[in-house]
Amino acid sequence: MAERRPYVRYVSLSTSGEFFKDELPSGSPDREEEDGEEDEDIRFRYDIPNEIPFTSIALALFLLSLGSFFLLTSHFLFTSHMPGDSSQAYGFLFLGFVAFLPGFYETRIAYYSWRKCRGYSFSLIPAL
1 MAERRPYVRY
11 VSLSTSGEFF
21 KDELPSGSPD
31 REEEDGEEDE
41 DIRFRYDIPN
51 EIPFTSIALA
61 LFLLSLGSFF
71 LLTSHFLFTS
81 HMPGDSSQAY
91 GFLFLGFVAF
101 LPGFYETRIA
111 YYSWRKCRGY
121 SFSLIPAL
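Using the UniProt record's numbering, read the sequence shown as starting at 1 and increasing by one per residue.
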């Protein structure tokens with residue numbers, strides 16, 4: 001027969017922390033210390049950097065200018081201002097969008113952070 005296990009609770013899991021101290025193992029992160037303080041879990045701690053990511057902003061400006069150049073080149077190929085095939089124009093159009101969109105997005109975040117608009121900070125830009 002199945003052995004009775006009084007320490008196993010067969011109820012729905014609770015998120016409010018209604019576990020009893022004697023039911024948790026001694027190494028559990030939910031168990032409080034003796035003086036009443038809980039251990040801080042470093043997985044949920046995030047320190048916002050206070051520095052400006054200049055290399056990421058330079059990369060964003062480079063992608064923005066490269067994407068603009070490719071889009072302008074594809075426009076000139078489509079309108080026959082430059083000699084070339086339409087397949088070349090589609091290639092430049094695709095590469096232009098792939099380079100322009102992330103460059104514009106990061107440059108916009110950097111500009112709004114520089115202007116100190118609400119909701120924007122340099123911590124939103126990933127640092128290299």
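Cβ atoms here follow ideal geometry from the backbone N, Cα and C, with glycine treated the same way.
Restricting attention to Pro83, Gly84, Gly103 and Glu51, the CA atom closest to the CA of Ser65 is found in Gly103. With respect to Leu128, Thr55 sits close: the two C-beta atoms are nearer than 8 angstroms.
The beta strand (DSSP E) runs lying completely inside the stretch 33 to 83 and spanning 3 residues or more number zero.
Thr73 counts as buried, since at least 16 other C-beta atoms from the protein chains shown sit within 10 angstroms of its C-beta. Within the same chain, and ignoring the five residues on either side of Gly91 in sequence, no residue has its Cβ closer than 7 angstroms to its Cβ. For Ile109, the enclosing alpha helix (DSSP H) has its first and last residue at Ser86 to Trp114. Around the beta carbon of Glu106, 16 or more other beta carbons lie within 10 angstroms, which makes this residue buried.
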